[in-house]
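Chemist: Quick one: the structure is below, questions incoming.
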Amino acid sequence: MSLETKPNVARPDDLYEAMIAAQAGMSEAESLRFSARLILLLINQIGNDALVKDAIEAAREPVPTPAAGSGPQG
Amino acid sequence: MTTGIPVHRSIGASPVGTDGAHLETLIVGAGPVGLSMALDLARRGRKVTVLSRLDFIAAGSKGICYSKRSLDIWDRLGVGQAMVDRGVVWNLGKVFWGESSTPIYEFDLLPVKDQRRPAFINLQQYHVEAILVDALGRYPNVDIRWGHELTALDARADGVSVTVEAPGGRYTLSTDWLIACDGNKSTVRGLMGLDFEGRVFEDNFLIADIKMKGEHPAERWFWFDPPFNPGQSALMHKQPDDVWRLDFQLGWNIDREAAMRPENVEPLVRAMLGDEIEFEREWYSVYTFQCRRMQRFVHGHVLFAGDSAHLVSPFGARGANGGLADIDNLGWKLERVLEGKAPEGFLESYNYEATTTADENILNSTRSTDFLTPKSTASAAYRDAVLSLAGEHAFARPFVNSGRLSTAVSYPASPLSTADEDADWDGVAPGSPALDAPFGGDWLLGTLGGGFRLIANGWQGEAPVPVIDVASEALIVDRYDLSPGSACLIRPDQYVAARWRHPSPAKISAAIARAEGAAA
Ligand SMILES: Cc1cc2nc3c(=O)[nH]c(=O)nc-3n(C[C@H](O)[C@H](O)[C@H](O)COP(=O)(O)OP(=O)(O)OC[C@H]3O[C@@H](n4cnc5c(N)ncnc54)[C@H](O)[C@@H]3O)c2cc1C
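Line by line, the protein sequences are chains A and B.
The first sequence: position 5 = 5 (my numbering), numbered continuously.
The second sequence: position 49 = 49 (my numbering), numbered continuously.
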């Protein structure tokens, strides 16, 4: 099995909203801890060490190239 | 030269040795590792000399937890029962978090039952050393030189010359082999200018060994962020003679001298155990921890074992236990080299297997220390997330790391192992330690002893080594996955060397030759 990077949830807007709403009013520290708890739950749900490591790699932001178009657009 | 070190048993200085005498094997250091090494070689009939800088057995708080594997090794050396009789047996660990008196996590360190030895005993290091010294006293081929310190050496390709300082004067010795068991500040390592690479952890831990009549069970209790040591961790462990080990994490920027003064220790003890408790001080000290090892443990005719070669944090009890694994691995190999049965290059397999063990111990110890002492905001957040989930959700408990306690290390890629011919094996793979089980009113490991042995299920061939037939022992057949006719070859250090569904004398001989360095 490889890491699923194509759309895979039915209602992305709902989930996005739920995640933000869950952290409303939290301090940065509380939010960090919440995220860590959430990630640990999800890691266990995935239940596949190699996939989790692939996800960790995929989550690293590419080193930004200092070229054009870094401002907000559209 | 030794003022300030508390004495458990005074012995007195040995007379000065004959200047220029030549030895076969010299062991430097009389800690648990050097003494166990001496006992192993002595039981093989080799002559050994041990240098001990101190002329007494030191008291004070050092190692207390000795693993099942170490007890198995000591059984082979004839002192296992003495250790267990003197020690406190335990198998269970409990982890607490914050105020709650209900553990968030419990672990049984001996999940496989029906073995002779428990997961651990706790025993003061000085009792361990005393038992070993007493056992060595029964071997006329052992010469322990108390109060004799190695101060200089010249290591050549075929032997070593050393200078020894003793209360009665200085003398020189030469030896074919030198085993450096002289602890973390190893004189031998220093004099040879050898590396000792690794990490220092920026944290201090207070050890308070106290004497009290306690009602607590013989279990390892560990707290994260308890009310009596907020933001830090703590540990409580039972030792023999009503001695308890308390361990308090203190953090990095502290006054270490002040921290171990009774007026600062005792409030912590009372906060932990209650104001009303009565206790006496055994020993207070503050430790910092490091994880490091030498790149190689074999340097010509100088062999390193124990803390001289590798250091870990105590969380996991992998220090002395790791050192005992070294001597267990080295003894039978050195014997074969001394007897001319194996080439010197055979000791390269000691280097390989002992550094493999050290790496696993350092990896586990580093991870535990990182969990106890998070190095970043993110690391602290994950640690707290794990702890906060573990009470409610079983999945989070295996993430809780209060120390991964010492177990025997396997060498799946050891050059001494013969690969399986058949793919359908469960059981114990080559390169892994033999598993104990009851055997004919005794125990399997005790029956194996210290030479090559074949454990077989009804195999009728002519084996070149003693055969232990386990056909009527269902549990052993199951643990080793020995279907009728199959067999498993065990090394002198009780590791599996090879196994076959269809053994033959030729295959067994080839596997023994391989395990004795023929492929080296
Ligand atoms: C607080 C604490 C708790 C620990 N808990 C545990 C535990 O629970 N379980 C565990 O397995 N380990 C534990 N350890 C680690 C354990 O104490 C060490 O790993 C162990 O002592 C190493 O044994 P050793 O024989 O290699 O070295 P040492 O015990 O250091 O012995 C070295 C010996 O060499 C002698 N020596 C040194 N230089 C010379 C010289 N030049 N000439 C002659 N003699 C010399 C010294 O006097 C000493 O006797 C703990 C350590 C600490 C500090």
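Just so you know, even glycine gets a beta-carbon here, dropped at the ideal spot from N, CA and C.
Computed from a predicted model, the values in this text were never measured in an experiment.
#1: Using a Cβ-Cβ distance under 9 Å, would B:LEU372 count as near chain A?
#2: Taking all protein chains shown into account, do 16 or more other C-beta atoms lie within 10 angstroms of the C-beta of B:ASN122, making it buried, or fewer, making it exposed?
#3: Taking B:PHE471 as the reference, give the member of B:LEU110, B:CYS488, B:VAL465, B:GLU462 with the closest Cα.
#4: Taking the alpha-carbon of B:LYS211 as reference, which of B:TRP223, B:LEU448, B:TRP244, B:ASP182 has the nearest alpha-carbon?
#5: Is B:ARG404 near B:SER432, with beta carbons less than 9 Å apart?
#6: Can you find a heavy atom of ligand 1 that lies under 8 Å from the Cβ of B:ASN364?
#7: Considering Cα atoms alone, identify which of A:ASP54, A:PHE34, A:ILE39 is closest to A:SER2.
#8: Using a Cβ-Cβ cut-off of 9 Å, state whether A:LEU40 counts as contacting chain B.
#9: Can you say whether B:TRP252 is buried or exposed, counting buried as having 16 or more other CB atoms within 10 angstroms of its CB?
#10: Could you name the residues of the same chain whose beta carbon sits closer than 6 Å to that of B:PHE224, not counting the 5 residues immediately before and after it, in chain order?
#11: Checking contacts by CB at 9 Å: is A:ASN48 closer than that to chain B?
#12: Between the stretch 163-174 of chain B and the stretch 69-76 of chain B, are three or more C-beta pairs nearer than 8 Å?
#13: Please list, in chain order, the chain A residues whose beta carbon lies closer than 8 Å to that of B:GLU195.
#14: Measuring straight from C-alpha to C-alpha, what distance separates B:TRP425 and B:ARG479?
#15: Could you tell me whether the Cβ of B:PHE224 comes closer than 9 Å to any Cβ of chain A?
#16: Please confirm whether A:ALA55 has its beta-carbon closer than 9 Å to some beta-carbon of chain B.
#17: Give a single yes or no on whether A:LEU3 has its beta carbon closer than 8 Å to a heavy atom of ligand 1.
#18: State the start and end residues of the unbroken alpha helix (DSSP H) segment that holds B:THR187.
#19: So what does DSSP say about B:ALA520, is it helix, strand or coil?
#20: Could one say the Cβ of A:LEU51 lies closer than 9 Å to chain B's Cβ atoms, at least one of them?
#21: Using a C-beta to C-beta distance shorter than 7 Å, which residues of chain E count as neighbours of B:VAL95?
#22: Please classify B:TYR287: does DSSP put it in a helix, a strand, or coil?
#23: By a C-beta neighbour count over all protein chains shown, 10 Å radius and 16 as the cutoff for buried, is B:GLY19 buried or exposed?
#24: Going by DSSP, what residues sit across from B:HIS8 in a beta bridge?
#25: Thinking just about the alpha-carbon of each residue, which of B:LEU268, B:HIS301, B:ARG9 is nearest to the one in B:PRO226?
#26: In whole angstroms, what is the alpha-carbon distance linking B:SER186 and A:ILE39?
#27: At a CB-CB cut-off below 8 Å, which residues of chain B make contact with A:LEU32?
#28: Strictly under 9 Å for the Cβ-Cβ distance: is B:VAL386 near chain A by that measure?
#29: Name the chain B residues that come within less than 7 Å of A:ASN44, Cβ to Cβ?
#30: Let me confirm a value: B:TYR350 is counted as buried when at least 16 other C-beta atoms fall within 10 Å, else exposed. Which label applies?
#31: How about B:LYS375: is its Cβ closer than 8 Å to a heavy atom in ligand 3?
#32: Quick check on DSSP: helix, strand or coil for B:ILE254?
Modeler: In terms of the structure at hand:
#1: In the second sequence, residue 372 of chain B corresponds to position 372, counting from 1. Judged by the 9 Å Cβ criterion, B:LEU372 is not in contact with chain A.
#2: Here the question's residue 122 of chain B lines up with position 122 in the second sequence. Flag for B:ASN122 reads buried.
#3: Counting from 1 along the second sequence, the entry for residue 471 of chain B is found at position 471. It is worth fixing the name first, because residue 471 of chain B is Ala in this sequence and not Phe. Considering only alpha carbons, the answer is B:CYS488.
#4: Looking up residue 211 of chain B in the second sequence gives position 211. Cα-wise, what sits closest to B:LYS211 is B:TRP244.
#5: Here residue 404 of chain B refers to the residue found at position 404 of the second sequence. Here residue 432 of chain B refers to the residue found at position 432 of the second sequence. No, they are not a contact pair.
#6: Taking the first residue of the second sequence as 1, we reach residue 364 of chain B at position 364. For ligand 1, not one heavy atom lies less than 8 Å from the Cβ of B:ASN364.
#7: For the purposes of this step, residue 2 of chain A is identified with residue 2 of the first sequence, where counting begins at 1. Measuring from the Cα of A:SER2, the nearest candidate turns out to be A:ASP54.
#8: Start at 1 with the first residue of the first sequence, and residue 40 of chain A comes out as number 40. Chain B, which has a Cβ nearer than 9 Å to the Cβ of A:LEU40, makes this yes.
#9: Sequence index remark: in the second sequence, residue 252 of chain B carries index 252 (1-based). So B:TRP252 counts as exposed.
#10: Translated into positions along the second sequence, residue 224 of chain B becomes position 224. Residues of the same chain with a CB within less than 6 Å of the CB of B:PHE224, apart from the 5 flanking positions on each side, are TRP97, SER233, LEU387 in chain order.
#11: Counting from 1 along the first sequence, the entry for residue 48 of chain A is found at position 48. Judged by the 9 Å Cβ criterion, A:ASN48 is not in contact with chain B.
#12: no
#13: By 1-based counting over the second sequence, the position of residue 195 of chain B is 195. The sequence given here places Asp at residue 195 of chain B; Glu does not occur at that position. Ordered by position in chain A, no residue passes the 8 Å Cβ test against B:ASP195, which lies about 32 Å from the chain.
#14: In the second sequence, the residue the question calls residue 425 of chain B occupies position 425. In the second sequence, the residue the question calls residue 479 of chain B occupies position 479. Cα-Cα distance, rounded: 11 Å.
#15: As a working note, residue 224 of chain B is residue 224 in the second sequence. So, not an interface residue.
#16: Along the first sequence, one-based indexing puts residue 55 of chain A at 55. It does not: the Cβ of A:ALA55 has no partner Cβ on chain B nearer than 9 Å.
#17: By 1-based counting over the first sequence, the position of residue 3 of chain A is 3. Outside the cutoff, so no.
#18: If you number the second sequence from 1, residue 187 of chain B lands on position 187. Counting along the chain, the alpha helix (DSSP H) containing B:THR187 begins and ends at 187-191.
#19: Looking up residue 520 of chain B in the second sequence gives position 520. Low confidence applies to B:ALA520: its pLDDT is 49, below 50, so where it sits in the model is not reliable, and the reading given next is rough at best. Of the three classes helix, strand and coil, the one that applies to B:ALA520 here is coil, per DSSP.
#20: Walking along the first sequence from the start, residue 51 of chain A turns up at place 51. Judged by the 9 Å Cβ criterion, A:LEU51 is not in contact with chain B.
#21: Here chain E cannot be found, since the structure's protein chains are A and B.
#22: Translated into the one-based positions of the second sequence, residue 287 of chain B becomes position 287. Three-state DSSP puts B:TYR287 in a strand.
#23: By 1-based counting over the second sequence, the position of residue 19 of chain B is 19. It should be noted that the sequence gives Asp, not Gly, for residue 19 of chain B. B:ASP19 is exposed by the Cβ-count criterion.
#24: Mapped onto the second sequence, residue 8 of chain B falls at position 8. BP columns for B:HIS8 are empty, so no partner.
#25: Working through the second sequence from its first residue, we reach residue 226 of chain B at position 226. Minimum Cα distance to B:PRO226 is reached at B:LEU268.
#26: In the second sequence, residue 186 of chain B corresponds to position 186, counting from 1. In the first sequence, residue 39 of chain A corresponds to position 39, counting from 1. Using only the alpha carbons, I get a separation of about 45 Å.
#27: Along the first sequence, read from residue 1 onward, the residue named residue 32 of chain A stands at position 32. The contacting residues are THR377, ALA378, ALA381.
#28: Taking the second sequence and counting its residues from 1, one reaches residue 386 of chain B at position 386. Yes, B:VAL386 counts as interfacial toward chain A.
#29: The residue you call residue 44 of chain A lines up with position 44 of the first sequence. The contact set of A:ASN44 on chain B, defined by CB atoms closer than 7 Å, consists of PHE395 in chain order.
#30: The residue given as residue 350 of chain B occupies position 350 in the second sequence. Label assigned to B:TYR350: buried.
#31: Ligand 3 is not among the ligands present in this structure, which contains only ligand 1.
#32: Translated into the one-based positions of the second sequence, residue 254 of chain B becomes position 254. The answer is coil: DSSP assigns B:ILE254 none of H, G, I, E or B.
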